[in-house]
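Some notes on the structure that comes next.
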Amino acid sequence: MLACTSDFEDINTNPNRTNVGDIKASGMFEPLLYNGINAWQYYTWYWNNELIQFTAFTGGGTRQEHRYFIGDQNWQSVWNTYARYTNNALHMYDLSVEQNDRSLQAVALTLKVLYMSNLTDMFGDVPYSEAFQAREGGTTAPKLDSQKEVYQQMFADLETANVLYAEAPIFVKPALDGMYGGSMEQWRKFNNALYLRLLCRVSGREEMNTATKMTEIVNNPTLYPVFESNADNATVKFSGADPYRSQFANTNENEFTSSGRKLTEQLIKMTVLTDAFGNQTYEDPRLAIYGKKNPNYLVNGVNVWKGTIAGCTETEQSTADAGTSWLNAAVFCRAEMPASYMDYAEVQFILAEAALKGHISGGEPAAKQYYENAVTASIEKWAELGAFSETPVEVSTENIEDFLASELASWDNATNKRELIANQKFLALFWIGMEAYHEYRRTGYPELTIGQGTVFNDYILPTRFAYPNTTMATNYANAQEALTRMGGENNMKTPVWWSKQAIESGN
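Residue numbers (this note's numbering): 287 to 793.
Encoded structure:
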């Protein structure tokens, strides 16, 4: 896209760098779905959780992402990952057109937007209209479209996909689809749920007129069906048999969490209530499913949830890390662990925010209902995984009702309901790609404390990833034009166009 070196690298180990017509479009579908979701899991563990203070690697000195020690090699890797999957989705689209497979045409467009939305959300302005033309002899120095233009083109692709799905084309090999079993109805719901996600992302930009489109989607469920329950979640299921194994199937607890990545005090603060004497009196029912208390009584003799300090200094690290809680490897490091691109809960949070802001009808009563639907759906999703914890966790309907009435999540007791929605949405996005990082930059919630060890980006949580050096060297004029348009330098301090920071600064 920018450098187009070898058309964005070879496609990992996938035999996808072939000419149109050499393979069936269906032959590209499984790698896109399964490898894509495993990349989502890896990025949520490696990048999202460390940037956004779900976890912090304070168990050693080998990783410092939580201190924002991030450079060109990282930017290049992230760029190439999203670009590679987008390129493959476009290749599948070309094949499906040649082979008149309209089901995979639709799916390819949905996946293209899924991957491209993350590329633009991580970097800002990126190529779209001229992207990936090198494979067909086109430009190797494409222009970078403004983020506004990228979003407009993604919306157009989602509209096209929605029309294709409406034709109810036959997915020829449903056994290949570990997410929806070839159901075009459910793929269509995912497509339009993704549409809502992206409309919400740019809703702070009045010129995008997102309220009108959101209203159209909400008021026309036949024309724009979206997720209606957790049964519609864009969740990939793994059989556990090779190669259908989840990302961390071969990872032990030490490598996954206990030797380094620990839950943070930010996460514990948002999920645990403490009384005036420091006693932990109540916890979010999801916490014991995706977390685990440190079992070493020598450092956690009182058996409490303790979080490490994200962004702490090397001097603070040993004290901050002592007795801290871990990720729940028994849940996550299973070959059959399912993984989601998007959930019903997110859709309900989007609608809650839209109703509260008056972007769709219903006002505060509707916003409350959407909000409580969202929280309930998130807890119910995690509750299904509770049985796999070392100490099995059961969550009842009464437990969910208690949570919704608690100080952590009560709608009626919240003085700032936008913050409540944003904070609970943040928690619900745990383990879903980079979404929590994107949402934080959009809303400014939750309020995060930036640690004193984040010297590598001047104590600023990265606002974006910088363009790789190869991009600046091989497509300098277009990249520099994009940076000028974004109003900053090629670093991790220039905000992306849809972000709260960019909007408030008038850029």
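Glycine included, each C-beta is placed from N, C-alpha and C at the ideal position.
Practice task
Determine the closest residue to G597 out of S403, M378, Y368 and T735, with distance taken between C-alpha atoms.
Solution key: Closest in C-alpha terms to G597, from the list S403, M378, Y368 and T735, comes T735.
Report the residue ranges of all alpha helix (DSSP H) runs contained in full by the stretch 662–720; include only those spanning at least 4 residues, in chain order.
When DSSP assignments are scanned along the stretch 662–720, the uninterrupted stretches of alpha helix (DSSP H) that are 4 or more residues long and fall wholly within it turn out to be 683–691 and 703–714.
Checklist entry - Counting Cβ pairs, one atom from each stretch, are 3 or more of them under 8 angstroms apart for the stretch 345–353 and the stretch 635–650? => result The way I'd put it, the stretch 345–353 doesn't touch the stretch 635–650; fewer than three beta-carbon pairs between them come closer than 8 angstroms.
Using three-state DSSP, classify T735 as helix, strand or coil. The DSSP-derived three-state label of T735 is coil.
*asked:* What does the Cβ neighbour count give for A289, buried or exposed, with the cut at 16 atoms within 10 Å?
replied: Bear in mind that the predicted position of A289 carries a pLDDT of just 37, short of 50, making it too unreliable to give a figure here.
If we ignore side chains and look at the alpha-carbon of each, how far apart do T508 and L397 end up? A direct Cα-to-Cα measurement between T508 and L397 gives close to 22 angstroms.
Legend entry - Residues near V522 by beta carbon distance below 7 angstroms, same chain, minus five either side: Its chain contains L319, Y320, I323, G464, M465, P624 and A625 as the residues whose beta carbon lies nearer than 7 angstroms to that of V522, once the 5 sequence neighbours on both sides are disregarded; these appear in chain order.
Next on the checklist: Going by DSSP in three states, L559 sits in which element: helix, strand or coil?
Outcome noted: The answer is strand: DSSP assigns L559 an E or B state.
Next on the checklist: Is the separation between the beta-carbon of Q603 and that of T406 shorter than 8 angstroms?
Outcome noted: No; because the gap between Cβ atoms is not below 8 angstroms, this pair is not in contact.
Can you give the Cα-Cα distance for G774 and L747, rounded to whole angstroms? In a straight line, the C-alpha of G774 is about 16 angstroms away from that of L747.
Next item on the list: Work out the CA separation of L769 and D528 for me, nearest whole Å.
Entry: Their Cα atoms are separated by approximately 44 angstroms.
task = Please classify G644: is it buried, with 16 or more other beta-carbons within 10 angstroms of its beta-carbon, or exposed?
result = Its Cβ having fewer than 16 others within 10 Å, G644 is exposed.
- Message: For Q385, which residues in the same chain have their Cβ closer than 6 angstroms to its Cβ, ignoring the five residues on either side in sequence?
- Response: Excluding its 5 nearest sequence neighbours in each direction, Q385 has C-beta neighbours in its own chain below 6 angstroms: A311, listed in chain order.
Can you name the start and end residues of the alpha helix (DSSP H) that Y762 belongs to?
Residues Y762 to M772.
Which runs of the beta strand (DSSP E) fall wholly inside the stretch 590–663 and span at least 3 residues, in chain order? For the stretch 590–663, whole beta strand (DSSP E) runs of length 3 or above, ordered along the chain, are 625–628.
Quick one: is D443 buried, meaning 16 or more other Cβ sit within 10 Å of its Cβ, or exposed?
-> Label assigned to D443: buried.
Are the stretch 568–588 and the stretch 324–332 touching, with three or more C-beta to C-beta distances below 8 angstroms? Fewer than three pairs of CB atoms, one per stretch, sit closer than 8 angstroms, so the stretch 568–588 makes no contact with the stretch 324–332.
Environment of M314 [buried if 16+ CB atoms lie within 10 Å]: Per the 10 Å Cβ criterion, buried.
| Nearest candidate by alpha-carbon position, reference I309, set F418, D380 and R349 | Answer by Cα proximity: D380.
Item to complete: Write down the C-beta distance between D411 and M778 rounded to the nearest angstrom, noting that I regard them as a contact closer than 8 angstroms.
Response: Contact doesn't hold; Cβ gap of about 15 angstroms is too wide.
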